[in-house]
Structure formats: structure tokens, C-alpha cells
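J.: Following my numbering, the residues of the sequence shown are numbered contiguously, the last one being 572.
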Amino acid sequence: MDNDTNSDPGYKRRLALAAAFLMAATAGSRILGLIREILPGIYLGMGADMGAFTQAIKVPNLVRTLLADTALSAAFIPVFSALLERERRREAWQVAFTVTVAATAALGVVTVLGVVFAPAIIKVVSPGWVSDFPDSVEMAASYMRIMFPTVLVTGLAGILMGILNSYNHFSTPALAPIVWNIIIIVVIVLFAKQYGFEAIAWGFMLGTVAELLLQVPPVWKRRWRRGVGLGTVDSQAVDARTVDTRPVDEPSPWRLALRSPEVRQVGILLGPVILSLGIVNFNSFIGTVVATLIPGMREVAPAYIDKAFRLFQLPQGMFAIAIGTVLFPALSRHGAAKRMVEFRDDLSLGIRQIFFVTLPFAAFFSVLAKPTIRLVYEYGKVVGDETAISGMSTALLFFSVGMAFVSVNTLLNRAFYSIRKSWVPLIMGGANLAVNAALMLLLYKPMGVGGITLATSVVSIINFFGLMVLLGPRIGGVDARRVAWSAGRAIIALIPLSGVAYGVWYGLDTALGQGLWQKIVSVVVAYIAGGAAYILAAWALRMPELHDVVSIIRRRRRPASTDEVIDTTPGE
């Protein structure tokens, strides 16, 4: 992709096509992820074992997000991309090598500590189990020991992902989670009945290793070599950022440079990113801790919230993360070059698109919470477990209140990282964590799991408005009027969506009954009818976001022209 981003007439189209590809790949991954979440319930039920496994995986997942995968790549990409932007390719790869070595050492220590102190960690995060459910504590600790090494492996994969995304190569990082899910699904189907949740824990570990190995070949293809430019977007076009224009006698970048200003910049960015980017995961984690205190469901409430959270994340992963992943390197380059007009345009486009595609799912998960939960999770040993169905449905309903805001916050956080102002979302994140914990402790007794997920949603809304207010002065405005006008029209379009979706589901459910295929027909047709009502309303309201989506679909149906090529080849 050409460096002169917005002056290239095909720039917006390449971003749109890259986002469309990522959405398709991420949709496949999320669907497989749902299957992965459904299968343990089918084979092993939603009892105490499921609660133990949920608590066991929460801590490694949280550490992975905050120290390894998401946070590390978010701190790494702005620095690496800025060096490529200035054609300092050797220095960029020296930063990559140094960060990789440092991350391996630091995350290795964290992994060892997590394995050694697993029982103590479980007791801290599951206070309601310590005295009454010692077997659950022991089970959770054994599962955690198996899965904690994924922290180290994911950290290395996050750096490789950052390198590839900086070269506008998005396909392999997007396909890696598909491989991860497939491996876990195969392990569940073949070994869950015999070995229980221990087999699933090993499946998580094996899938994570495969996710790392898959990204090695395309990164190796783009590595620095003296006098050679690699990482082309196709066989004819060469990315100017891959050409090494430095003197040929410069030393190789494959040596540690811990005192490099750029390496220090990654470290400076990493600290604030750890809290600010992980706010949703922190809030979710706090929720599972508080859930172990809910009277009457202390062993199972964490699993109910986790299953609802997995479904809640589906549209966020399909759309918001895809859009943010594509825009983040572009925002980083705009920020490095002080191109604030282009920065504001891309950010506004991303926010409006995220609202447009995620608000409908918030409405669907609100009016069809219980039918959706039944369709997704009520199989095998979960059939007839009304307590589980009701708990998951309530959690999903209140999660949906903040869905669109959670998704936009992901992009807003990255906007701050792109202009090297990571301390701002850090402060917001710290304040919101305190508010979240207070709200959860206030609401969990009267509202159960619903009180915990409602607190998460309220905090996400507060976080959105806070970040918008704080970002505006730093980039010359956030196009707030246009964003509000777009979101307002999208909310108006949710009225016919909600009415049509619920009406169609209720009519078909009453007429067809409660069999599996009947549930599939009633829920799927309700979603399709509601989606059609939303699209018609958006068309009547003349929403430009609808035109953008249609344009992407049309371009995907015809061969890409030379100025629409994006780097989606896995690379040999």
C-alpha cells in the first residue's frame, strides 16, 4: 500500500475491502467460537465443573489480553508503523527483535508464577468458594496450570500480528483464530467425554501454539535483509515502506537494543495500554469474582455470565475489531505524520460504521435474549435446565445495553495510542474500574447476574462519552455532530427492527412449537426479518453508512482493480 495514504484514490476502498475481508474471516472465527462454547455444555453440562473451568480460564485470558496479545500489539504497532513510515526499516526490525526477546523473558516469568500459585489465585478470584466448595477450587487450579503457558505463546503471536498489520497484511492474523477454534473443537469432540474439562484445557494450549506457528512464515517473508525490499502487497506492486534505503554497511538489526528510544517508547505505551485497552476484560473479570457471591448460584453464576459474554462479543469481534484492526495502522501513520484532517476523517468513519453495524445486534439480543440463548446453548445436558437458560438470558439482556459503546471504545482507545496519548484512556480506565466494582457490589444482590452485566454496560457508556470529550481537543474535534446524527438515525431504525423481530419470532414460535428445527426457523427468520426492517429504515433515513456497506459488497462481487489490491495473501 502506498505511503501517501489519503492522496491515493484507492485508499478508502482498500481499507473498506480489508475490513470486509476481516469481517468475513472474523465472522467465521466467531461462529466456530460459538460452536466451541456450545460443545462443552452438550457433553459435560452447566454444573460445578463448568464453573470451575470458567474461573480457571479467566485469569490466563485476562493476563493474555493485558500483558500479551492485545496490549502488546497495541503498544508495538504505533512505534513499528512510524519507523516504516519514515523508511527506517532496519530500526523497525531491531525494535521488533528487542521487544520479542524482552516479552519472552517477562511473560515467561509471569507464566511460571501463574502455574506455581494457581491454587492461591483461584481462591482470590473465587471468594465464595473457599470455605464451601474446596473441590471446585482444586479443579479450577488444575485447569489453570495447563492453560497458563498460553500467556507466553499469545504474547509472541501478538508481536507477529503487529508486524503483519503494520505491513497491511491482515489475512493470516484473521485466519489464525479459525485454526485455534477448529483445534479446540476437535479435541472436545474426541476427548471431552473421556477426560472432561482437562481435555478442553489442553485443547486451548494446543490451539494457541498453532495460532503462533501459523504467523511465522509471512513474518519471515517480510523480515529485514540488507538491500532487499520484502512484504509486497502483490507480485507487481512494492510497498515503499519495505525497501531498505539505509547504507548497506549498517549492522544487522538482530541484536538487542534495550536503550533504543523506540524500544523505550513501546514500554512507555505499554503501561497505560494494559489498563485502558483491557477495561472490558477487567470489568468482565471483576464480574465473575462478584458472581461467586450471588446467593443460590455461587458455583454456576460465573459460567452463566461467561456464556452470555461470549455471545455478546460475537458482533463486536465480527465488526468493531475488524474495523479497528484495519484503521489502527492508518491512524498510527496519520498521527506520526501529524495529518490530523485524515486522522479525524478515518476515525469518524470508523465510529459511525461501528454504531451502524452493532446497534442492530444490541436490539436483537435485547428483544430475543431468551430465544437466542435457547437456540445457541440448549442442547445435550443443558436441555431443561431453566435456571441456566434464565441466568444466561438475563446476563445477555443487560450486556446488550452497552454493546455498541463497548465496540466504539475499542477504536477510541486505539486513536489515543496512535497520537501517543495512552495515559488518557488509562485514567478513564482506572476511574471506570472503581465505578464498575461499586455498581456490581450494589446490584448483584437485588438483580443477580443481571446486576453485574448492567454495571458493565453503564461503565462502557460513561467511558465512551469521557473518551470522546478528552480526544476532541487533541485532534481538532471528533466530528461529534456527524457521529451523533448517524447514531441517532440508527437508533430510530431499531424501532421497526425490534417490533418486526419480536413479532415474527412470537408468531412462528406459537405456531411451530419448541422442537429444534422449529426453534431454528423461528429465531433465524426473526433475525432476517428484523434485519430487513432495519435496512429499509436506514434506506428511508438516507443513512450513508448503508451505502458504504452496499458498496463493499458490490466490490467483493467483482475482481479487484489494481488500485484495490490489499495484502490478504497468507504468504509462503
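Beta carbons are placed, not taken as given, at the ideal position from N, Cα and C, and that holds for glycine.
Computed from a predicted structure; not experimentally measured.
1. Output needed for residue 152: all residues of its chain with C-beta closer than 6 Å, excluding positions within five of it in sequence on either side, in chain order.
2. Look at the alpha carbon of residue 512 and the alpha carbon of residue 192, and state the distance between them as a whole number of angstroms.
3. To the nearest angstrom, how far is the alpha carbon of residue 307 from that of residue 514?
4. Note the first and the last residue of the continuous alpha helix (DSSP H) segment covering residue 172.
5. Can the beta-carbon of residue 118 be found less than 8 Å from the beta-carbon of residue 139?
6. Hey, out of 44, 355, 180, 269, whose CA is closest to residue 71's CA?
7. Helix, strand or coil: which one does DSSP assign to residue 259?
8. Within 10 Å of its beta-carbon, does residue 334 have 16 or more other beta-carbons around it, so buried, or fewer, so exposed?
9. Applying the criterion that 16 or more other CB atoms from any shown protein chain within 10 Å of the CB defines a buried residue, is residue 173 buried or exposed?
10. Report the residue from 363, 265, 213 whose alpha carbon sits nearest the alpha carbon of residue 497.
11. Is the beta carbon of residue 491 closer than 8 Å to that of residue 411?
12. Sorted by chain position, which residues of the same chain lie with C-beta nearer than 7 Å to residue 436's C-beta, five sequence neighbours on each side aside?
13. Quick one: Cα of residue 474 to Cα of residue 543, how far?
14. Taking only runs that begin and end inside the stretch 28–62, name each unbroken alpha helix (DSSP H) of 4 or more residues, in chain order.
15. Among 63, 165, 357, which one has its Cα closest to the Cα of residue 155?
16. Return the chain-ordered list of same chain residues with a C-beta closer than 7 Å to the C-beta of residue 401, the five sequence neighbours on each side being excluded.
17. What is the rounded straight-line gap between the Cα of residue 197 and the Cα of residue 209?
18. At the level of alpha carbons, what is the spacing between residue 574 and residue 443?
19. Please list the segments of the alpha helix (DSSP H) lying wholly inside the stretch 128–152, counting only runs of 4 or more residues, in order along the chain.
20. Which of helix, strand or coil does DSSP assign to residue 329?
21. Hey, quick one: how far does the alpha helix (DSSP H) through residue 414 stretch, first residue to last?
22. For residue 131, count neighbouring Cβ atoms within 10 angstroms of its own Cβ and tell me buried if that reaches 16, exposed if not.
23. The alpha helix (DSSP H) spanning residue 100 covers which residue range?
24. Check whether the Cβ atoms of residue 466 and residue 440 sit closer than 8 Å, and answer yes or no.
25. Pick from 342, 371, 315: whose alpha carbon is nearest that of residue 357?
26. Grab the span of the alpha helix (DSSP H) containing residue 507 for me, first residue to last.
27. How is the alpha helix (DSSP H) around residue 467 delimited, first residue to last?
28. Going by other Cβ atoms of all chains shown within 10 Å of its Cβ, with 16 needed for buried, is residue 195 buried or exposed?
29. Give me, in chain order, the residues of the same chain whose beta-carbon lies closer than 7 Å to that of residue 236; leave out the 5 immediate sequence neighbours on both sides.
30. Measuring straight from C-alpha to C-alpha, what distance separates residue 74 and residue 258?
31. Can you look up residue 519 in the DSSP assignment and give me helix, strand or coil?
32. By Cβ distance below 7 Å, which residues in the same chain neighbour residue 290 in space, the five residues on each side in sequence not counted?
33. If we count the other Cβ atoms within 10 Å of its Cβ and call it buried at 16 or more, is residue 517 buried or exposed?
34. Please report the residue range of the alpha helix (DSSP H) in which residue 313 lies.
35. Go through its chain and collect everything with a Cβ distance to residue 574's Cβ below 8 Å, but skip five positions before and after it.
36. Can you find the residues in the same chain that come closer than 7 Å, C-beta to C-beta, to residue 414, ignoring five residues on each side of it along the sequence?
T.: Well, looking at it:
1. 107, 108, 111
2. 34 Å
3. 22 Å
4. 171–195
5. no
6. 269
7. coil
8. buried
9. buried
10. 363
11. no
12. 283, 286, 455, 456, 459
13. 28 Å
14. none
15. 63
16. 454, 457
17. 19 Å
18. Only positions 1 to 572 of the chain appear in this structure, which leaves residue 574 out of reach.
19. 134–147
20. helix
21. 403–418
22. exposed
23. 89–116
24. no
25. 315
26. 480–512
27. 449–475
28. exposed
29. In this prediction, residue 236 scores a pLDDT of 34, lower than 50, which makes its location untrustworthy; no coordinate-derived value is stated.
30. 19 Å
31. helix
32. 440, 441, 444, 452
33. exposed
34. 301–315
35. One cannot answer for residue 574 here, as it falls past the ends of the chain, which runs 1 to 572.
36. 74, 324, 328, 331
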